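For the sequence shown, our numbering assigns the number 397 to the initial residue and increments by one for each residue that follows. Just below is one structure, and these are the notes that go with it.
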Amino acid sequence: MKKEKIRVFGKRFFNRSEVFVAACLGIFMLLFTVYTFAFTEEETVPEHELKSIVGEYYHAMNFNKIETLPKYLSPKVCEWYGNKDFSLKEIMKEARKQRVRFPFSHSEVDWDSFKVEHLESGEYIATYHLLHRTKRNLNENYQAYHLNIRTHWDANYKLKSISETRLSE
397 MKKEKIRVFG KRFFNRSEVF VAACLGIFML LFTVYTFAFT EEETVPEHEL KSIVGEYYHA
457 MNFNKIETLP KYLSPKVCEW YGNKDFSLKE IMKEARKQRV RFPFSHSEVD WDSFKVEHLE
517 SGEYIATYHL LHRTKRNLNE NYQAYHLNIR THWDANYKLK SISETRLSE
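Encoded structure:
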């Protein structure tokens, strides 16, 4: 039995088995494309926004720009590195005291460890690893601290709490 070719504009081009194979390939490619886009991890808007804010925060702190600190804080900060219900005035005083004690410091965020959890309240928890180096004077070697940071942000991306725990070396 001779295979009949499919007519297109009156001319015979393809036989039915060729059309079937082409249709199957097309369907496979469509499903592969949908699967690829559906399961590709993209940063969410809050994650991107929080990464930007956290990056700006540490950049400012690395250059001892303590006066910019209020820009990042919620009107009601619940916890500041273990201190509960600190006022903005107390936070600024503590930050200045820390900078006087350790005028040379530098913090680097491990962006691969940066994770954001969206809470039902519209707020966010961001956790990440941080390498924090400090020294008291120019002639000393830096002390390095590997930290896990946990931050709580309000819906307006303002810091409500921050805490740290040391990672084992």
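C-beta: ideal position from N, C-alpha, C; glycine also. Here the structure is a predicted model, which is why all the values come from computation and not from measurement.
Status (buried if at least 16 other CB within 10 Å, exposed otherwise) for residue i
{"i": "Thr547", "result": "buried"}
{"i": "Val430", "result": "exposed"}
{"i": "Ala522", "result": "buried"}
{"i": "His528", "result": "buried"}
{"i": "Val417", "result": "exposed"}
{"i": "Ile423", "result": "exposed"}
Where the alpha helix (DSSP H) through residue i begins and ends
{"i": "Arg532", "result": "From DSSP, Arg532 is part of no alpha helix (DSSP H); its letter is neither H nor E."}
{"i": "Ala615", "result": "With the chain running from 397 to 565 in the structure shown, residue 615 is simply not present."}
Bridge-paired residues (DSSP) for residue i
{"i": "Ser509", "result": "Its beta-bridge partners do not exist; DSSP assigns none."}
{"i": "Ala419", "result": "In the DSSP output, where bridge partners are listed per residue, Ala419 has none listed."}
{"i": "Tyr524", "result": "Ile545"}
{"i": "Glu486", "result": "None, per the DSSP bridge assignment."}
{"i": "Phe500", "result": "Lys531"}
Closest residue to residue i among the options (Cα-Cα distance)
{"i": "Met457", "options": "Leu534, Ser517 and Arg495", "result": "Arg495"}
{"i": "Ile558", "options": "Lys461, His455, Arg532 and Phe482", "result": "Phe482"}
{"i": "His514", "options": "Glu443, Leu421, Met425 and Ala419", "result": "Glu443"}
{"i": "Lys489", "options": "Glu463, Met425 and Tyr453", "result": "Glu463"}
{"i": "Glu560", "options": "Lys554, Ile545 and Ser503", "result": "Ile545"}
Contacting residues, own chain, Cβ-Cβ under 7 Å from residue i (five flanking each side not counted)
{"i": "Asp550", "result": "Ser470, Glu519 and Lys556"}
{"i": "Tyr454", "result": "Ser503 and Val505"}
Close-in-space but distant-in-sequence residues of the same chain around residue i (CB under 6 Å, 5 per side omitted)
{"i": "Thr530", "result": "Phe498, Ser501 and Gln539"}
Limits of the beta strand (DSSP E) - the one that residue i falls within
{"i": "Ser557", "result": "Leu555 to Arg562"}
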